[in-house]
Each structure stands twice: as structure tokens, then as C-alpha cells.
């Protein structure tokens with residue numbers, strides 16, 4: 045090759061590389077591209093903020109659930125007297141979090157019965173003496189919460205705390221959450237919690253690279269990163285028009301908006317505007333990065349071009365070197381794969397066929413599934429045959445969805461596999477979908493981890509959350525979940541479902557005569573008697589006090605009546621430890637179209653009340669009342 049030809053190739057390659065670098069440089073330092081990229085990051089950032097916000101609200105709501113379900117608090121209504129234990133319970137719950145401003149129980153007449161409070165997050169919570177308790181019957185929140193059905197929640201607007209008719213200074217942003225309190229179907233009053241929000245909101249809008257605005261549905265600024273013109277809706281500093289100028293100034297730039305739905309009509313939303321300094325810094329950073337690229341191209345283009353011109357003379361040497369490199373890479377691959385043989389994880393490679401036949405599996409599969417490598421690789425076993433039948437359809441659906449989405453990686457929800465000895469194990473499966481150059485799927489590469497121990501711990505915790513700690517059967521919280529689920533299936537698929545509400549007759553006399561320890565033993569024995577006397581698919585739990593609820597899936601009213609009468613007889617014939625014979629009353633109802641879950645339970649409760657009125661130790665069926673039917 046002549047010198048002129050070599051020179052031509054050198055300058056040709058140099059020009060192409062320089063042009064490509066310049067094109068990339070123009071793209072990367074383009075302001076619109078940087079702004080668009082910053083908005084993508086802002087969207088992810090906003091979703092994280094939304095998660096934090098919702099978690100903070102749920103954490104406060106959990107405290108109300110703990111009070112509502114507490115056996116200590118329910119005992120007040122058995123004795124018709126608020127005990128010191130209940131006040132201590134409120135105080136202990138308030139002490140679990142410094143953001144609890146107030147925690148109260150207000151009776152149905154609007155009288156504060158228990159109030160625990162602190163003036164700021166740095167103080168300890170205290171029980172407010174009785175002489176300082178007030179009547180809140182005329183307050184809007186009391187009226188709104190008293191309208192709610194059992195299990196429903198009310199959320200206030202995010203506003204400023206008011207004391208003696210004026211906004212408290214320095215300002216204290218507050219959120220209130222309330223729920224009605226029912227005992228034996230009767231609304232006794234409300235539970236309400238006030239949460240300090242200032243520290244959380246300051247954290248929410250704190251950012252070095254974004255200007256973050258928390259606004260309501262009328263674009264009033266509540267909090268923002270600059271901490272200017274906040275809470276104008278309540279403080280009236282310079283009015284809304286001035287505030288809109290502030291927003292307009294920032295909203296001329298690209299911004300991202302995300303709604304925060306907390307169950308009220310305030311329409312809170314986050315507006316996230318990338319900081320102009322951040323955008324300029326990104327443009328400058330990109331410029332310097334690609335300036336270095338151009339310099340490198342200038343330095344390397346000449347020697348690279350010369351080397352390329354020498355390719356024909358050195359082709360054989362390069363081919364030999366490439367073969368040696370491939371051999372070394374194959375040896376490295378074998379070493380890497382052998383690492384799985386000594387780990388708890390399993391590497392699976394299965395084919396894209398009907399049964400997911402296995403072309404490779406690490407030796408560690410013997411620890412997980414108790415099968416040997418050759419049992420899979422000889423096609424005696426397929427991967428599908430190891431997946432639990434109850435989980436197989438879901439696993440296949442997740443793969444199908446991933447394929448349709450065109451992704452190359454998916455993480456399955458944990459699922460079960462069956463070992464050679466028929467033991468059930470839980471695994472976490474991270475799968476890579478391998479495609480060829482024509483985008484056709486050739487196989488799947490799965491990284492399987494045994495998480496059986498973790499899942500068992502999860503089940504233990506779930507079991508603790510759903511079990512009544514005295515009787516060891518389901519609690520009210522879990523019964524509510526089952527009722528909602530069964531009601532959905534009734535409405536969606538017309539699956540029949542009936543309920544039986546049971547109450548031990550004259551149970552108060554047991555406590556009065558024998559004491560609460562014996563009374564608790566009777567409750568435990570009664571719960572176990574009912575549980576072993578119902579069907580496998582029926583769900584029983586403690587509804588509250590000496591009341592129990594039995595949920596009967598796929599059961600019409602006549603069958604439910606038969607079962608209730610059977611249980612009534614079993615109870616009356618049973619001899620309880622210490623106290624001897626005891627009876628119970630039963631109320632039966634069934635789901636009907638046009639009636640809510642609450643109304644169905646209310647009908648069973650009315651039937652139970654009727655059973656007690658006519659003499660107890662009897663079963664009564666709910667009678668439909670037109671007055672409670674949904675409009």
C-alpha cells in the first residue's frame with residue numbers, strides 16, 4: 045500500500061471520528077435534552093416522596109387501629125367506666141412517636157373522655173387532667189367522623205393548629221385522622237389523632253437540586269424548598285396573587301407534578317422544578333466530559349488509523365491471538381460457573397419450550413431440590429415439574445408478561461418449589477430472558493435463592509397480626525378483611541356467603557361471680573368449642589368481648605340457619621370447666637344485593653339482639669329492613 049493511500053485512510057478515519065464526537069457533544073450539551081433528562085429523574089424522585097408521605101399517614105392510622113382493637117380499651121364499655129389502664133394505653137401509644145400531638149377519645153355527646161397531648165415534638169406526652177377536657181360537639185371534625193360507618197376513616201386538610209380561635213405561633217402544621225368507635229354494633233364516639241407535620245414537611249421539600257412545592261387544589265403554597273410565602277391561605281401574607289407570581293416564575297421552567305391522595309378533598313400535589321443551577325451544572329459537566337473525548341480522539345486517531353492500515357499484514361497473528369483469548373474466556377467461564385457449586389444459590393438455564401427443559405444447572409441444585417445435575421440435563425426432569433402447582437400459572441403469566449413487554453430481565457414474586465422428598469421451599473427467582481440477533485427468545489437464565497426461612501418468619505408475623513391474643517383464633521381486623529373479600533366475590537361472581545354472630549349468655553355474671561381469670565378461660569374454651577364444630581372452609585374469629593363471628597363462604601341462608609342451630613345445641617350441652625353449663629344466642633344473616641357489608645353485619649346483630657330479647661339460647665334469622673337498604 046502506497047504512502048498516499050495510507051495517508052488517505054488516516055485522514056478519512058480521523059474525520060469520521062471527529063465528526064461523531066462533535067455530534068455527540070452537541071446532543072449532550074443541548075439544554076432541552078438535559079432538561080428532559082432532569083424531569084425523568086424528578087418523576088422518580090417524586091414517587092419516592094409520595095411513598096414517604098403515604099407511609100407517614102399510614103403510620104398514624106395504625107395507632108388508631110391499635111386503640112380500636114385493644115382489649116383494654118374495650119373493657120371500658122363492659123364496665124361502663126373509663127379505667128386508668130386505658131389512659132395509660134393512650135399515653136404509651138403517643139410515646140411511641142414524637143410526632144403525635146394529640147390522641148383523644150371523644151364520646152358520642154362530644155365530650156373529651158381521654159386526651160393525651162404534647163405542645164411540641166421535643167416534649168413528653170402527658171395525660172390531660174379531667175378539669176381541662178372540653179366538649180367538641182360543635183367542631184366540624186366531630187360531626188364529620190360521627191357520620192362514618194364502622195371501619196371508615198376521616199382525614200382533615202393539612203392546615204395550621206388553632207388555639208383559642210387563633211392560629212398558634214410559631215405555626216404548627218397539623219394533620220388529623222379520625223374514626224368512629226363502635227362497641228357491639230353501637231357507635232360510642234370517635235378516636236382522633238393530631239400529627240405534627242412540620243419536621244416531615246421540611247424534610248419532604250428539602251433538596252439541593254430541585255425546587256419542591258407542596259400546594260393544594262387552588263395552588264396555595266403550603267411548603268416549598270425556598271420556605272417563602274408558605275401557608276398564605278391561612279396567614280394572608282400578600283395574598284394569592286403574589287403567591288401565583290412566585291409559582292409562575294418557576295413554572296415557566298420544565299416541571300413535574302404528582303398528586304398526593306390521602307382521602308380528603310384537599311387535592312394536595314407536589315410540583316418539582318429542577319433547579320436552574322443544577323441544569324447549568326449538568327450542561328457544563330457534559331461539556332467538559334466530551335471535551336476530553338474530542339481531545340482523546342485527536343490524540344488516538346492518527347496511531348489508530350495507521351494500525352488499521354497494517355491489518356492485512358498482521359491478520360494471521362491477530363486470528364491466532366483471538367483464538368487464544370476465546371480459549372481463556374471459556375476457561376474463565378468454567379471457573380465462574382463452578383462458584384455456584386459451592387454456594388446456596390442455584391443457576392438454571394432452561395430452554396424456551398413447552399416444559400422449560402433444562403440445558404444447564406449448577407451442582408448446588410442438590411442442596412435446593414435434592415436432584416442431581418444429570419437428572420435435569422438428561423431431560424428426565426424439567427423445571428416446570430419442580431414448581432408448586434398452585435404457583436405455576438402465576439409464574440408462567442409473569443414470564444409471558446415480561447416477554448410481551450420486551451424486557452430482558454424480570455424478578456418473580458416469591459414462589460414455591462417441590463423437592464425430591466416432597467418438601468415445599470420458597471425461592472426468589474431473578475431471570476434473564478436471552479434473545480438472539482433476530483430478537484427471538486432462545487432460553488432463560490435464572491438465579492434462584494432459597495428464602496424459605498424468611499417466608500416462614502413473615503408468616504409468623506402475619507399470624508400474630510391476625511390472631512386474637514386471648515383466644516388464639518382470628519381477631520376483628522382479620523375478620524374485616526375476610527368480610528370485604530367475600531363481599532367482593534359475592535358482588536362479582538354471585539358467590540353466596542352467610543354470617544353468624546354469637547354472644548355468650550349472661551357472661552357478665554361469670555366475671556362477677558368467678559373473676560376475670562375464669563372469664564378468660566371460658567372465652568378460650570368457648571372459642572375452641574366453636575372452631576372444632578364448624579366446617580373446614582368456615583372462618584371464625586372474636587368480634588369483641590364475648591361476641592364471636594362466623595363467616596360461611598358458599599353458604600345460603602337455610603344452610604347457615606341449620607349450622608347455627610347445631611352450634612347452639614353443642615354449646616348448651618357442653619360442660620365448661622369450673623362454671624359448668626353455659627348457653628349462647630345466635631343471629632344469622634346472608635349477603636344480599638343492595639346491602640353493604642356493614643348493613644349485613646348490622647342485620648345479624650339485630651337478629652342476635654332479638655334472640656336475647658325472647659329468652660336467649662336460641663337462633664334468630666335477620667329480617668330485611670327496607671330502611672337500611674342502600675339508596
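Residue numbers (the numbering used here): 45 to 675. Where a beta carbon is used, it is the ideal one built from N, C-alpha and C, also for glycine.
Handout entry: Boundaries (first-last residue) of the alpha helix (DSSP H) holding residue 559
Key = Premise fails: residue 559 is in no alpha helix (DSSP H) and is neither H nor E.
Handout entry: Beta-carbon proximity check, residue 181 vs residue 138, cutoff 8 Å
Key = Contact: no.
Practice task
Look up residue 572 in the DSSP assignment and say whether it is helix, strand or coil.
Solution key: Residue 572: helix per DSSP, three-state reduction.
Practice task
Could you check how far apart the C-beta atoms of residue 646 and residue 591 are, in whole angstroms? I think they sit under 8 Å.
Solution key: With a beta-carbon spacing of about 13 Å, residue 646 and residue 591 fall beyond the 8 Å limit used to define contacts.
Problem - N-terminal and C-terminal residue of the beta strand (DSSP E) that residue 666 is part of - result: Counted as a single uninterrupted DSSP element, the stretch harbouring residue 666 is not any beta strand (DSSP E), since DSSP gives it neither H nor E.
Handout entry: Euclidean distance between Cα positions of residue 279 and residue 210
Key = Just so you know, the alpha carbons of residue 279 and residue 210 end up roughly 11 Å apart.
Exercise for the section: Go through the segment 378 to 434 residue by residue and report every complete run of the beta strand (DSSP E) that reaches 3 residues or more, in order. Expected result: Qualifying beta strand (DSSP E) stretches, in chain order: 390 to 395 and 402 to 405.
Practice task
For residue 503, count neighbouring Cβ atoms within 10 angstroms of its own Cβ and tell me buried if that reaches 16, exposed if not.
Solution key: Around the Cβ of residue 503, a 10 Å sphere holds fewer than 16 other Cβ atoms; the residue is exposed.
Handout entry: Where residue 96 sits in the DSSP three-state scheme
Key = Annotated three-state conformation of residue 96 is helix, per DSSP.
Problem - Whether residue 600 touches residue 539 by CB criterion (8 Å) - result: In terms of Cβ geometry, residue 600 and residue 539 do not form a close pair [threshold 8 Å].
Exercise for the section: Would you mind stating whether residue 511 and residue 492 have Cβ atoms separated by less than 8 Å? Expected result: No, Cβ-Cβ distance for residue 511 and residue 492 is not below 8 Å.
Practice task
Can you tell me which of the three DSSP states residue 552 falls into?
Solution key: Here residue 552 sits in helix by DSSP.
Exercise for the section: Would you mind reading off the limits of the alpha helix (DSSP H) that contains residue 452? Expected result: Neither: residue 452 is in no alpha helix (DSSP H) and is coded neither H nor E.
Handout entry: Closest residue to residue 452 among 487, 421 and 432 (Cα-Cα distance)
Key = Closest by alpha carbon: 487.
Exercise for the section: Starting from residue 130, follow the alpha helix (DSSP H) in both directions and report where the run begins and ends. Expected result: Annotation: the continuous alpha helix (DSSP H) that includes residue 130 extends over 128 to 139.
Practice task
Taking only the alpha-carbon atoms, compute the straight-line gap between residue 226 and residue 161 and give it to the nearest angstrom.
Solution key: Their Cα atoms are separated by approximately 23 Å.
Exercise for the section: Go ahead and label residue 530 buried or exposed: buried means 16 or more other beta carbons lie within 10 angstroms of its beta carbon, across all protein chains shown. Expected result: Under this definition residue 530 is a buried residue.
Exercise for the section: Use the C-beta contact count for residue 373: other C-beta atoms within 10 angstroms, 16 or more gives buried, fewer gives exposed. Expected result: Low local confidence applies: a pLDDT of 47 at residue 373 is under 50, so the model's placement there is unreliable, and no value is given.
Handout entry: Three-state class that DSSP yields for residue 270 in the structure shown
Key = DSSP, read as helix, strand or coil, puts residue 270 in coil.
Handout entry: Assigned secondary structure, residue 647 (DSSP; H/G/I helix, E/B strand, else coil)
Key = In this structure, residue 647 counts as helix in the three-state DSSP scheme.
Exercise for the section: Go through its chain and collect everything with a Cβ distance to residue 666's Cβ below 7 Å, but skip five positions before and after it. Expected result: Here the set comprises 631, 632, 633, 647, 648, 650 and 651.
Problem - 8 Å Cβ cutoff met for residue 152 and residue 232 - result: Contact: yes.
Problem - Cβ neighbour criterion (16 or more within 10 Å) applied to residue 286 - result: Low confidence applies to residue 286: its pLDDT is 43, below 50, so where it sits in the model is not reliable, and the reading given next is rough at best. Exposed, because fewer than 16 other Cβ atoms sit within 10 Å of the Cβ of residue 286.
Problem - residue 255 to residue 188 span [Cα, whole Å] - result: Each residue's Cα considered, the two are about 36 Å apart.
Practice task
Ignore the nearest five residues each way along the sequence and tell me which others in residue 395's own chain have a CB closer than 7 Å to its CB.
Solution key: If we look at residue 395 and ignore the five residues flanking it on each side, its Cβ neighbours are 401, 403 and 487.
Problem - Any 3 or more C-beta pairs closer than 8 Å across the segment 602 to 618 and the segment 558 to 565 - result: No contact exists between the segment 602 to 618 and the segment 558 to 565.
Problem - Identity of the residue in 128, 392 and 544 nearest residue 426 by Cα - result: Its Cα nearest to that of residue 426, the residue 392 stands out among 128, 392 and 544.
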